[in-house]
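**Student:**
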Amino acid sequence: MPTAEILTIGNELLIGRIVNTNSTWLCRKLTYLGIKVRRVIVLPDEEEEIARGVRESITRGVDILLITGGLGPTFDDKTSQSLSLALKRPWVVNQRALRMIEKKYKERGLEMTEHRLKMAKMPEGAEPIPNPVGTAPGILIRFGKTLLIVLPGVPEEMKNMFEQYVEPLLKKVAPGVVFLEDQFVCRGLPESTIAPIIEKVMRKVHAVYIKSHPSGCELGKPVVIIHMYTSGYRREEAEDKLVQVKDELKRELIRAGAEIENS
1097 MPTAEILTIG NELLIGRIVN TNSTWLCRKL TYLGIKVRRV IVLPDEEEEI ARGVRESITR
1157 GVDILLITGG LGPTFDDKTS QSLSLALKRP WVVNQRALRM IEKKYKERGL EMTEHRLKMA
1217 KMPEGAEPIP NPVGTAPGIL IRFGKTLLIV LPGVPEEMKN MFEQYVEPLL KKVAPGVVFL
1277 EDQFVCRGLP ESTIAPIIEK VMRKVHAVYI KSHPSGCELG KPVVIIHMYT SGYRREEAED
1337 KLVQVKDELK RELIRAGAEI ENS
């Protein structure tokens, strides 16, 4: 299964001013594509920090490195030049990206400026990803085995670009992998009692991951949501594994005194 890491860039994330919804959305998207997300890292708008983060991800041998944020025209948008620093490639004006940006500003009756030109600069050899919603193009570049994809931090722009341009590309990286999940509600048992039961079932079927999520109490009884997921190259086999685990887990929990409710 291909692996991915996500770097989200922005001081506003690190001071808690903005909620990092981009990484949550991307994790779900990548998981459903059959790509295993190994890390999500938040970095400040600092060139050396971003470059170091990129180099470390590449050194870990990740297949896909997805970066969001820092592609705009302002002084603290430093992701593109940081990428050039990390890859040791010249930071140059990409002519395709320049044409995309010029077209956007021409449609608005605005002139190109030095700050706007900055959004057309990328590591040498990169390909621009069109931005149908905003102005700054994304960046696509391969370094060794790692495919690097850089998208704007504005959620609407990022999601649109991912679904239109990135997702079709990634489907070729993980062809035929399906991701399936299911869940149910367990009442009456604390998580500490549920934990060894989950471990027992997971030892029998290694390919299914089970996670318990406490959800408070109702009428004095603990409420725990049990979430299960698996992936595979054949939908039927993945479905069979998931059903097998769900049925066995329910039996064990009921035997321990739980009440089960499908959610």
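Okay, so the sequence shown: first residue is 1097 according to this note's numbering, each after it adds one. Cβ coordinates follow ideal geometry from the N, Cα and C atoms, glycine included.
Can you tell me whether F1280 is helix, strand or coil according to DSSP?
**Tutor:** Here residue 1280 refers to the residue found at position 184 when the sequence shown is read from its first residue. Correct three-state label for F1280: strand.
**Student:** Which of the three DSSP states, helix, strand or coil, is assigned to G1234?
**Tutor:** Reading the sequence shown from its first residue, position 138 is the one you call residue 1234. Residue state, collapsed to three classes: strand.
**Student:** Please return the same chain residues whose Cβ sits closer than 6 Å to the Cβ of L1247, not counting the five positions on each side in sequence.
**Tutor:** In the sequence shown, the residue the question calls residue 1247 occupies position 151. Cβ neighbours of L1247 beyond the five flanking positions: T1164, G1234, M1254, M1257.
**Student:** For T1326, which three-state DSSP category applies?
**Tutor:** What you label residue 1326 is simply residue 230 of the sequence shown in a count that begins at 1. Correct three-state label for T1326: strand.
**Student:** Just checking G1249 against the ligand PLP - is the residue's beta carbon closer than 7 Å to any of the ligand's heavy atoms?
**Tutor:** Among the ligands in the structure shown, none appear at all, so the ligand PLP cannot be discussed.
**Student:** Does P1375 come out as helix, strand or coil in the three-state DSSP assignment?
**Tutor:** Not covered by the structure: residue 1375. The range shown for the chain is 1097 to 1359.
**Student:** Tell me which same chain residues have a C-beta within less than 6 Å of the C-beta of E1332, skipping the five on either side of it?
**Tutor:** Indexing the sequence shown from 1 puts residue 1332 at position 236. Nothing meets the Cβ criterion.
**Student:** Across which residues does DSSP place E1357 in a beta bridge pair?
**Tutor:** Position 261 of the sequence shown, counted from the first residue, corresponds to residue 1357. BP columns for E1357 point to V1281.
**Student:** Using DSSP with H/G/I as helix, E/B as strand and the rest coil, what is E1348?
**Tutor:** Residue mapping note: residue 1348 aligns to position 252 of the sequence shown, counting from 1. The answer is helix: DSSP assigns E1348 an H, G or I state.
**Student:** Can you give me the C-alpha to C-alpha distance between T1326 and R1204, rounded to a whole angstrom?
**Tutor:** Residue mapping note: residue 1326 aligns to position 230 of the sequence shown, counting from 1. Residue mapping note: residue 1204 aligns to position 108 of the sequence shown, counting from 1. Computed Cα separation, rounded: 48 Å.
**Student:** H1211 to T1170, Cα distance in whole Å?
**Tutor:** Residue numbering aside, residue 1211 sits at position 115 when the sequence shown is read from its first letter. Residue numbering aside, residue 1170 sits at position 74 when the sequence shown is read from its first letter. Cα to Cα, H1211 sits roughly 7 Å from T1170.
**Student:** Within 10 angstroms of the Cβ of S1311, are there 16 or more other Cβ atoms? Answer buried if so, exposed if not.
**Tutor:** As a position in the sequence shown, residue 1311 is number 215, starting the count at 1. Its Cβ having fewer than 16 others within 10 Å, S1311 is exposed.
**Student:** Figure out for me which residue from R1283, L1206, Y1128, N1118 has the closest Cα to the Cα of H1309.
**Tutor:** As a first step, residue 1309 is located in the sequence shown; it is residue number 213 there, counting from the start. Nearest of R1283, L1206, Y1128, N1118 to H1309, Cα basis: R1283.
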